[in-house]
Amino acid sequence: MNKYVSTRNSRIEVSASKAVLLGQAEDGGLFVPADLASFKRDYHEITSLDFKGMAKYIWDMFFDDYGSDVIDELVERSYTGKFSSDLITPLAKVGDSYVLELYHGPTSAFKDVALQALPNLLTKARDMNGETDEIMILTATSGDTGSAAMSGFSNVPGTSIVVFYPDGGTSETQRLQMVTDTGSNTTACAIRGNFDDAQAGVKKIFREIPKPSKGVSLSSANSINIGRLVPQIVYYFSAYRQLLDMRSISDGDKVDFIVPTGNFGDIMAGYLARCIGLPIRRLVCASNKNDVLTEFINTGHYDRKRDFYKTTSPSMDILVSSNLERLLYYICGEEHTVSYMKQLEEAGEYQITADELAEIKSVFTGLCANDGEGAEVIKKIFDAEHYLMDTHTSIAWSCMEKYVQDDVPKVVLSTASPYKFCASVLSALGLEVSDSDRKKMEACRKHTGAPIPAGLAGIFDKRIKHTDIIDSSDMKDYVIGKAKR
């Protein structure tokens, strides 16, 4: 049976279901498979299947203590009737490259692929481990995780969820998706600060009060939870299968993936797909003006002591990328990972060794683009291909254009519907931007012909339910208060 260990102490060892249930290790580390090499497979065993079949195969491999029959049931429950495309994550050819559309779920963001799955994995893990406490899901979001998590956990028995988001740090549509959620067990709360403040607050709460009240235990829906990360591996294999079906590659050809990156979860899933055996040549880490990851991948120096910028791609406005710790564990080892995380917390920076950097650079390329470059891509690609992309996808596309071009197929991961960022998209297209978000959405539809996703169409008519705004220093007391109620 697979064992999961903490990135900061390999003596902390749990089963897969326990890792999902806990979300984060007690020492603040993240759970990772103790023996990743044992997951190596002939990728044909996976790419020969449809999306659900791939999910069943990969989940069964990583979450082996659930049992195959249970995994089959959970996959069906997670994906049947939840996505507007039968392919779940369809691949579109755009010019000479490809866009993997990850936004066809209930909240029009890539997080749906994992967050329709996590509630099913978590509630089953609760039963398997004899847990009787209510599970309070604690989540920080830079935009999309919040609404996707609230949608996934809405009215799920035995659970509640509290989402913290930066006040003024999301698009208006992202905010409305959270504050209008009607689940009886869901809460969205704005904090005065940025995403890093929210994420640091959540991590601190996990360390200090894993049981905030009698009969209540904490878990996470962020990608620090291995139950969030594993389902994201699937769409890399699905993309490869679709490239084969489109006859765009021959079996065995290598592919590059360009990933708009903030918290390093999506691209870490790509790294795991490569470790399993998928023929990925390189993973391009695409950042916006908050380019901490670009500097790290190019120099080995991670420095969060820099200006924080609010950009038109807010889900990437992050300076502390949590999932990078998992990559450090596999590349740098436990001892160095512990040292680097301590340096990051105490000094705000760390420097990995030359050999460690060389190994990271053998797989990853770090590039960045600013708002203006992203806007240019939105207009250029729409004018040339009549294909509309959001502000995060355009950052990734811009980075792809800066990347060395050759005959290796390139797949850009599209992480959100353009309708979640209408103001920026309309501005990029050179159109007048109305004060009303409803009018922005309709103007975008009228000009582009792209249909408004069902989950967003009626959002402006919903009642705002969640209105709390607090200082980040008050997050702990807020959680305790919610747990007691």
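Following the working numbering, the numbering of the sequence shown begins with 64 at its first residue and continues without gaps.
Cβ coordinates follow ideal geometry from the N, Cα and C atoms, glycine included.
* Note down, in chain order, each residue of its chain lying with its Cβ closer than 7 Å to the Cβ of Lys-119, except the 5 sequence neighbours on either side. => Ile-134, Asp-135 and Val-138
* Grab me the residues of Lys-465's own chain with a C-beta within less than 6 Å of its C-beta, minus the 5 sequence neighbours each way, in chain order. => Leu-430
* To do: Evaluate contact between the stretch 87-96 and the stretch 69-77, counting only Cβ atoms and requiring at least three cross-stretch pairs below 8 Å.
  => yes
* **Option nearest Asp-537 by Cα separation, candidates Asp-128, Leu-165 and Cys-252** => Cys-252
* **Candidates Phe-102, Ser-141, Gly-144 and Phe-114, of which the one nearest Met-124 by Cα** => Phe-102
* To the nearest whole angstrom, what separates the beta carbons of Leu-165 and Ser-376, a pair I think is in contact under 8 Å? -> The Cβ separation is near 15 Å, so there is no contact.
* Within 10 angstroms of its Cβ, does Thr-195 collect 16 or more other Cβ (buried), or is it exposed? -> exposed
* To do: Leaving out five residues on either side along the sequence, give the residues of the same chain with a beta carbon under 6 Å from the beta carbon of Pro-275.
  => Val-542, Ile-543 and Ala-546
* Inter-residue Cα distance where the pair is Phe-146 and Pro-169 -> 7 Å
* Taking 8 Å as the cut-off, decide whether the C-beta atoms of Glu-412 and Lys-368 are in contact. => yes
* Neighbourhood of Ile-360 by C-beta distance below 8 Å, restricted to the same chain and skipping five residues each side -> Cys-348, Ile-423, Lys-424, Phe-427, Thr-428 and Gly-429
* To which residues does DSSP link Glu-197 through a beta bridge? -> Val-279
* Asked: Over what stretch of residues does the beta strand (DSSP E) that includes Asn-65 continue unbroken?
  -> Segment: none, Asn-65 is in no beta strand (DSSP E) and carries neither H nor E.
* According to DSSP, which residues form a beta bridge with Leu-476? -> Leu-163
* So is Gln-379 buried or exposed if we call it buried at 16+ other beta carbons inside 10 Å? -> Going by the sequence as given, residue 379 is Met instead of Gln. Met-379 comes out buried.
* At what residues does the alpha helix (DSSP H) containing Ala-506 begin and finish? -> 500-511
* **Own chain partners of Ala-550 with C-beta closer than 7 Å, once the 5 adjacent residues on each side are dropped** => Nothing can be reported for residue 550: it is not among the residues displayed for the chain, which extend from 64 to 548.
* Apart from the five residues on each side of it in sequence, which residues of its chain come closer than 6 Å, Cβ to Cβ, to Val-77? -> Tyr-67
* Put Ile-287 into one of helix, strand or coil per three-state DSSP. => coil
* Asked: In whole angstroms, what separates the C-alpha of Ser-247 from that of Pro-153?
  -> 33 Å
* Please list the segments of the alpha helix (DSSP H) lying wholly inside the stretch 287-328, counting only runs of 4 or more residues, in order along the chain. => 289-308
* Name the DSSP beta bridge partners of Gln-414, please? -> His-364
* In chain order, what residues of the same chain have a beta carbon less than 7 Å from the beta carbon of Arg-526, not counting five sequence neighbours either side? -> Thr-243
* For the stretch 261-275 against the stretch 102-111, are there 3 or more C-beta pairs whose distance is under 8 Å? -> no
* How long is the line joining the alpha carbons of Cys-395 and Ala-203, rounded to whole angstroms? -> 27 Å
* To do: Compare the beta carbon distance of Asn-257 and Phe-371 with 8 Å and say whether it is the shorter of the two.
  => yes
* alpha helix (DSSP H) segment containing Thr-13, residue limits -> In the structure as shown, the chain begins at 64 and stops at 548. Residue 13 is therefore absent and cannot be evaluated.
* Asked: Of all the options Cys-485, His-455 and His-167, which has the alpha carbon lying nearest to the alpha carbon of Ser-148?
  -> His-167
* Asked: From what residue to what residue does the beta strand (DSSP E) around Leu-184 run?
  -> Premise fails: Leu-184 lies in the alpha helix (DSSP H), 181-191, not in any beta strand (DSSP E).
* What residue ranges within the stretch 71-137 form continuous beta strand (DSSP E) runs of no fewer than 3 residues, ordered along the chain? -> 72-77 and 94-96
* Between the stretch 470-485 and the stretch 504-522, do three or more beta carbon pairs fall short of 8 Å? -> yes
* To do: Please state whether DSSP places Arg-345 in a helix, a strand or coil.
  => strand
* Does the Cβ-Cβ distance between Val-293 and Tyr-303 come in under 8 Å? -> no
* To do: Spatial neighbours of Thr-357 within its chain, please: CB distance less than 8 Å, with the 5 preceding and 5 following residues excluded, ordered by chain position.
  => Cys-348, Ser-350, Gly-429, Leu-430 and Cys-431
* Cα-Cα, which of Asp-128, Leu-181, Glu-197 and Pro-514 is closest to Arg-140? -> Leu-181
* **Neighbourhood of Glu-235 by C-beta, 8 Å cutoff - its chain only, sequence neighbours within 5 removed** => Ala-486 and Asp-500
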